[in-house]
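Visitor:
There are 2 protein chains.
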Amino acid sequence: MSKNPPPLSKARLASLRRLTRRKSRVEDGRILLEGWHLLEAALEAGRALGVLAMTPQALAAGGANGRLLEKALDRAEAGGWIEEAELSRICGEAADQGVVAAVDWAPVGVRQVLRRAGAALADGRTPVVVAGDGLQEPGNLGTLIRLADWFGCTGVVLSSGTVDPGNPKVVRAGMGSHFHVPVAVGAALPEVVEQARRLGWWTVVAAGEGECGLRAGPPDRPVLLVVGNEARGVSPAVREAAEVRMAIPRWGRVESLNAAVAAAVFLGAWRIPGG
Amino acid sequence: MSKNPPPLSKARLASLRRLTRRKSRVEDGRILLEGWHLLEAALEAGRALGVLAMTPQALAAGGANGRLLEKALDRAEAGGWIEEAELSRICGEAADQGVVAAVDWAPVGVRQVLRRAGAALADGRTPVVVAGDGLQEPGNLGTLIRLADWFGCTGVVLSSGTVDPGNPKVVRAGMGSHFHVPVAVGAALPEVVEQARRLGWWTVVAAGEGECGLRAGPPDRPVLLVVGNEARGVSPAVREAAEVRMAIPRWGRVESLNAAVAAAVFLGAWRIPGG
Chain A
271 MSKNPPPLSK ARLASLRRLT RRKSRVEDGR ILLEGWHLLE AALEAGRALG
321 VLAMTPQALA AGGANGRLLE KALDRAEAGG WIEEAELSRI CGEAADQGVV
371 AAVDWAPVGV RQVLRRAGAA LADGRTPVVV AGDGLQEPGN LGTLIRLADW
421 FGCTGVVLSS GTVDPGNPKV VRAGMGSHFH VPVAVGAALP EVVEQARRLG
471 WWTVVAAGEG ECGLRAGPPD RPVLLVVGNE ARGVSPAVRE AAEVRMAIPR
521 WGRVESLNAA VAAAVFLGAW RIPGG
Chain B
271 MSKNPPPLSK ARLASLRRLT RRKSRVEDGR ILLEGWHLLE AALEAGRALG
321 VLAMTPQALA AGGANGRLLE KALDRAEAGG WIEEAELSRI CGEAADQGVV
371 AAVDWAPVGV RQVLRRAGAA LADGRTPVVV AGDGLQEPGN LGTLIRLADW
421 FGCTGVVLSS GTVDPGNPKV VRAGMGSHFH VPVAVGAALP EVVEQARRLG
471 WWTVVAAGEG ECGLRAGPPD RPVLLVVGNE ARGVSPAVRE AAEVRMAIPR
521 WGRVESLNAA VAAAVFLGAW RIPGG
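Chains as they are written, first to last, in our numbering: chain A, 271 to 545; chain B, 271 to 545.
(1) Should A530 (chain B) and G498 (chain B) be called a contact, given that it needs their Cβ atoms to be closer than 8 Å?
(2) Considering only residues of the same chain and omitting the five flanking positions on each side of V455 (chain A), which have a CB-CB separation below 6 Å?
(3) Tell me whether D393 (chain B) is buried or exposed, calling it buried when 16 or more other Cβ atoms sit within 10 Å of its Cβ.
(4) Could you list which residues in chain B have their beta carbon closer than 7 Å to that of T413 (chain A), in chain order?
(5) Might you give, ordered along the chain, the residues of its own chain that have their beta carbon closer than 8 Å to the beta carbon of A346 (chain A), omitting 5 neighbours on each side?
(6) Determine, for G383 (chain A), whether the minimum Cβ-Cβ distance to residues of chain B falls below 8 Å.
(7) Compile a chain-ordered list of the residues in the region 438–460 of chain A whose CB is closer than 9 Å to at least one CB of chain B.
(8) Which runs of the beta strand (DSSP E), 3 residues or longer, sit entirely within the region 440–509 of chain B?
(9) Shorter than 8 Å from the beta carbon of L484 (chain A) to some beta carbon of chain B?
(10) Identify the continuous alpha helix (DSSP H) that holds G538 (chain A) and give its terminal residues.
(11) Taking the alpha-carbon of N437 (chain B) as reference, which of B:L303, B:A284, B:L283, B:E297 has the nearest alpha-carbon?
(12) Rounded to whole angstroms, what is the Cα-Cα separation between W420 (chain B) and L289 (chain B)?
(13) Assuming V474 (chain A) contacts V493 (chain A) under a Cβ cut-off of 8 Å, what Cβ separation, rounded to an integer in Å, is found between them?
(14) Can a CB atom of chain A be found closer than 8 Å to the CB of G498 (chain B)?
(15) Taking C-beta to C-beta, are L417 (chain A) and A533 (chain A) nearer than 8 Å?
(16) Between the C-alpha atoms of I352 (chain A) and V399 (chain B), what's the straight-line distance to the nearest angstrom?
(17) Could you tell me which chain C residues have their CB closer than 8 Å to the CB of L417 (chain A), listed as they occur along the chain?
(18) How many angstroms separate the CA atom of R385 (chain A) from the CA atom of A486 (chain B)?
(19) Where G402 (chain B) and A331 (chain B) are concerned, what is the direct C-alpha to C-alpha distance, given to the nearest angstrom?
(20) Given that R523 (chain B) touches chain A, what residues does it touch there, using C-beta distances under 7 Å?
(21) Considering only C-alpha positions, which residue in the set A:S279, A:E479, A:T432, A:V524 is nearest to S447 (chain B)?
(22) Between L411 (chain B) and V440 (chain B), which are expected to be in contact by the criterion C-beta below 8 Å, what is the C-beta distance as a whole number of angstroms?
(23) Using the rule of at least 16 other Cβ atoms within 10 Å of the residue's Cβ for burial, across every protein chain shown, is A457 (chain A) buried or exposed?
(24) By the 10 Å Cβ neighbour count, where 16 or more other Cβ atoms means buried, how is L527 (chain B) classified, buried or exposed?
(25) Helix, strand or coil, according to DSSP, for I301 (chain A) in the structure here?
(26) Consult DSSP for V433 (chain A) and reduce its assignment to one of helix, strand or coil.
(27) Quick one: give me the first and last residue of the beta strand (DSSP E) that D374 (chain B) is part of.
(28) Quick one: measure Cβ to Cβ for G362 (chain B) and Q327 (chain B), integer angstroms, because I've assumed they're closer than 8 Å.
(29) Considering Cα atoms alone, identify which of B:A466, B:L484, B:L309, B:W521 is closest to V508 (chain B).
(30) If L338 (chain B) and E314 (chain B) are in contact, beta carbons under 8 Å, what's the gap, nearest whole angstrom?
(31) For chain B, is any of its Cβ atoms less than 8 Å away from the one on V535 (chain A)?
(32) Output, in chain order, the set of chain B residues within a Cβ distance shorter than 7 Å of G422 (chain A).
(33) For L391 (chain A), report the span of its beta strand (DSSP E) as first-last.
(34) For L278 (chain A), which three-state DSSP category applies?
(35) What's the C-alpha gap between V535 (chain B) and G483 (chain B)?
(36) Taking C-beta pairs closer than 7 Å, name the residues in chain B that G409 (chain A) reaches, listed in chain order.
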């Protein structure tokens with residue numbers, strides 16, 4: 271397809287708009303990408319693009335964005351331009367970049383993440399999996415997935431009460447990490463933690479109170495780190511099931527850290543080699 | 271005032287609503303608090319409350335929230351109930367808790383933060399100040415202030431291009447840390463960094479590339495850590511001015527970490543005692 275696409279048909283516009291709903295994302299195995307950076311990340315990861323839509327302004331983009339758009343139009347199932355108002359109806363606040371696309375993405379199963387960890391282990395690397403227990407704030411979850419990517423985690427596992435990782439706000443905060451790190455949803459976390467523990471994993475809950483020893487680092491076995499809901503923390507059943515409850519020492523007065531920030535402190539302390 | 275307040279007058283409602291604008295916050299030296307947790311944090315910190323408004327539902331709250339509301343009504347300049355629709359017009363998405371208040375809060379000057387660091391030093395503690403260079407995302411800034419509180423930082427310094435820390439979304443993400451950590455705004459960061467460096471501070475920029483040695487920790491002098499804008503990172507002039515540009519080692523494929531998460535890795539690595 272050339273860089274001179276037609277107006278997007280109503281049916282194709284609808285096929286984009288439906289991806290703002292979780293149910294449709296599950297049915298289609300697709301998510302919405304908003305903006306240049308995510309589009310680039312999807313192309314680099316070799317993901318299949320569905321419908322691609324852009325405003326006339328975005329279509330006129332030169333430079334790197336122009337080349338990116340050309341490449342994306344070549345790879346998309348269908349492309350077309352839409353009015354800015356239409357784009358805003360799909361993307362909300364995020365419409366300012368003028369480009370949106372459907373892309374193949376779906377969460378994986380919990381077992382897939384655990385199997386992938388087994389493969390890493392066989393490969394001589396110590397796998398680290400991050401689990402989220404009931405996270406509600408999309409930006410927080412996206413940041414957690416991005417962090418897991420940065421530190422080379424094997425995967426992310428989310429409890430059934432967690433916000434959908436395919437939610438466009440989560441995808442935006444993930445900055446393309448959705449295409450690098452497998453994310454499992456709907457996990458019964460107490461059972462996952464128990465199972466991992468039986469398999470010899472080091473299972474750690476980030477808790478407000480607990481052991482310190484963060485800098486000692488994990489023992490030489492696979493790690494499952496669980497961070498909790500913004501208000502309630504990690505649920506009691508998961509805390510019970512884990513081998514260790516570990517706290518980040520506090521100097522100030524605020525009562526808690528958010529989940530992604532807490533995970534950053536743990537992963538940083540574990541992953542960064544001694545000075 | 272008893273726990274039986276009148277309907278809020280139009281004038282008082284307007285005095286709340288105007289605090290959604292930065293200009294009015296600066297004029298009034300006040301910010302908007304939304305929800306029970308922030309209200310509690312303000313009361314605990316001994317802050318003066320201006321107008322307090324709640325929905326009839328919130329007014330009927332029992333238990334801890336009921337007691338908190340009673341205390342807040344006692345302390346507020348004026349209190350009254352408003353319809354849920356009115357509250358939503360002020361708080362947007364955050365209206366679900368049914369309570370909003372004006373509270374005394376204003377940013378401090380950069381010199382105040384530096385002076386406070388001098389006092390900490392005289393007191394035998396090593397002060398750490400976190401600076402934000404052009405952060406745009408309110409949730410990200412609020413999380414950074416919360417993190418600075420957790421790790422007992424002396425203050426937060428924000429460049430002139432940074433989102434206003436009094437923005438209700440920043441306050442919400444700060445979880446009450448606004449009342450524990452002084453925040454300076456409008457800083458000419460290259461000059462602040464130069465000045466701190468001349469005064470013998472260890473000035474560090476969180477950079478995509480640079481020295482590692484994160485675990486070695488800071489030398490035994492005051493620390494100024496600068497984290498950058500979500501897209502562009504720390505500006506070239508600030509990078510130049512700093513003594514050290516330090517990177518967090520990366521294992522995965524995503525290009526960057528967000529500012530609060532990067533700061534969490536630095537502060538965690540520095541503050542947490544060896545295992």
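Backbone N, C-alpha and C fix where the C-beta goes; we use that ideal spot for every residue, glycine too.
Owing to the predicted nature of the structure, the values given are computational and were not obtained by experimental measurement.
Guide: Reading from the atomic positions:
(1) As a first step, residue 530 (chain B) must be located in the second sequence, where it is residue number 260. As a first step, residue 498 (chain B) must be located in the second sequence, where it is residue number 228. Their beta carbons are not under 8 Å apart, which means A530 (chain B) does not touch G498 (chain B) by this criterion.
(2) As a working mapping, residue 455 (chain A) is identified with position 185 in the first sequence. Within the same chain, V455 (chain A) has close Cβ partners P377, L428.
(3) Counting from one through the second sequence, the residue named residue 393 (chain B) turns up at place 123. Looking at its Cβ environment, which holds fewer than 16 other Cβ atoms inside 10 Å, D393 (chain B) is exposed.
(4) Here the question's residue 413 (chain A) lines up with position 143 in the first sequence. By Cβ distance, chain B contributes N528, V531.
(5) Along the first sequence, read from residue 1 onward, the residue named residue 346 (chain A) stands at position 76. Here the set comprises M271, L319, G320, V321, L322, A371.
(6) Counting from 1 along the first sequence, the entry for residue 383 (chain A) is found at position 113. The sequence given here places Val at residue 383 (chain A); Gly does not occur at that position. So, not an interface residue.
(7) Within the region 438–460 of chain A, the residues whose Cβ lies closer than 9 Å to some Cβ of chain B are A443, G444, M445, G446, S447, F449, H450, V451, listed in chain order.
(8) You should have 453–457, 472–481, 493–498.
(9) In the first sequence, the residue the question calls residue 484 (chain A) occupies position 214. Using a Cβ-Cβ cut-off of 8 Å, L484 (chain A) counts as an interface residue toward chain B, since at least one Cβ of chain B sits closer than that to its own.
(10) Taking the first sequence and counting its residues from 1, one reaches residue 538 (chain A) at position 268. DSSP places G538 (chain A) in the uninterrupted alpha helix (DSSP H) bounded by 529–541.
(11) By 1-based counting over the second sequence, the position of residue 437 (chain B) is 167. Looking at the Cα atoms, B:L303 is the closest of the given residues.
(12) Mapped onto the second sequence, residue 420 (chain B) falls at position 150. Mapped onto the second sequence, residue 289 (chain B) falls at position 19. Straight across, the Cα-Cα distance linking W420 (chain B) with L289 (chain B) is about 27 Å.
(13) For the purposes of this step, residue 474 (chain A) is taken as the residue at position 204 of the first sequence. For the purposes of this step, residue 493 (chain A) is taken as the residue at position 223 of the first sequence. Between V474 (chain A) and V493 (chain A) a beta carbon distance of about 7 Å is seen, short of the 8 Å cut, so the two are scored as contacting.
(14) Taking the first residue of the second sequence as 1, we reach residue 498 (chain B) at position 228. Closer than 8 Å: no.
(15) On the first sequence, residue 417 (chain A) is found 147 positions in, with the first residue counted as 1. On the first sequence, residue 533 (chain A) is found 263 positions in, with the first residue counted as 1. With respect to the 8 Å criterion, L417 (chain A) and A533 (chain A) are classified as neighbours on the basis of their beta carbons.
(16) Residue numbering aside, residue 352 (chain A) sits at position 82 when the first sequence is read from its first letter. Residue numbering aside, residue 399 (chain B) sits at position 129 when the second sequence is read from its first letter. Answer to the nearest angstrom: the Cα atoms are 47 Å apart.
(17) Here the protein chains are A and B, and chain C is not one of them.
(18) Residue mapping note: residue 385 (chain A) aligns to position 115 of the first sequence, counting from 1. Residue mapping note: residue 486 (chain B) aligns to position 216 of the second sequence, counting from 1. C-alpha separation (whole angstroms): 35 Å.
(19) Here the question's residue 402 (chain B) lines up with position 132 in the second sequence. Here the question's residue 331 (chain B) lines up with position 61 in the second sequence. Cα-Cα distance, rounded: 39 Å.
(20) Locating residue 523 (chain B) in the second sequence gives position 253, where the first residue counts as 1. At a C-beta separation below 7 Å, R523 (chain B) has these neighbours in chain A: D419, H450.
(21) Along the second sequence, one-based indexing puts residue 447 (chain B) at 177. The shortest Cα separation from S447 (chain B) among A:S279, A:E479, A:T432, A:V524 belongs to A:V524.
(22) The residue labelled residue 411 (chain B) in the question sits at position 141 within the second sequence. The residue labelled residue 440 (chain B) in the question sits at position 170 within the second sequence. The pair is a contact, with the Cβ atoms about 5 Å apart (cut-off 8 Å).
(23) On the first sequence, residue 457 (chain A) is found 187 positions in, with the first residue counted as 1. A457 (chain A) is buried by the Cβ-count criterion.
(24) Position 257 of the second sequence, counting from 1, holds the residue named residue 527 (chain B). With 16 or more Cβ atoms within 10 Å of its Cβ, L527 (chain B) is classed as buried.
(25) What you label residue 301 (chain A) is simply residue 31 of the first sequence in a count that begins at 1. When DSSP states are grouped into helix, strand and coil, I301 (chain A) belongs to the strand group.
(26) The residue you call residue 433 (chain A) lines up with position 163 of the first sequence. When secondary structure is reduced to three states using DSSP, V433 (chain A) falls in the coil class, being assigned neither helix nor strand.
(27) Within the second sequence, the letter at position 104 stands for residue 374 (chain B). Looking at the DSSP string, the run of the beta strand (DSSP E) that includes D374 (chain B) is 369–374.
(28) Translated into positions along the second sequence, residue 362 (chain B) becomes position 92. Translated into positions along the second sequence, residue 327 (chain B) becomes position 57. Not confirmed; about 18 Å, so no contact.
(29) Counting from 1 along the second sequence, the entry for residue 508 (chain B) is found at position 238. Looking at the Cα atoms, B:A466 is the closest of the given residues.
(30) One-based indexing of the second sequence puts residue 338 (chain B) at position 68. One-based indexing of the second sequence puts residue 314 (chain B) at position 44. By a beta-carbon distance limit of 8 Å, L338 (chain B) does not contact E314 (chain B). Their separation comes to about 10 Å.
(31) If you number the first sequence from 1, residue 535 (chain A) lands on position 265. True, the Cβ-Cβ gap to chain B drops below 8 Å.
(32) Taking the first sequence and counting its residues from 1, the one referred to as residue 422 (chain A) is at position 152. In chain order: W521, G522.
(33) Position 121 of the first sequence, counted from the start, is the residue given in the question as residue 391 (chain A). Careful: L391 (chain A) lies outside any beta strand (DSSP E), inside the alpha helix (DSSP H) at 380–392.
(34) Within the first sequence, residue 278 (chain A) is the residue found at index 8, counting from 1. In this structure, L278 (chain A) counts as coil in the three-state DSSP scheme.
(35) Within the second sequence, residue 535 (chain B) is the residue found at index 265, counting from 1. Within the second sequence, residue 483 (chain B) is the residue found at index 213, counting from 1. CA-to-CA, the gap between V535 (chain B) and G483 (chain B) works out to about 13 Å.
(36) As a first step, residue 409 (chain A) is located in the first sequence; it is residue number 139 there, counting from the start. Residues of chain B whose Cβ lies closer than 7 Å to the Cβ of G409 (chain A) are, in chain order, G409.
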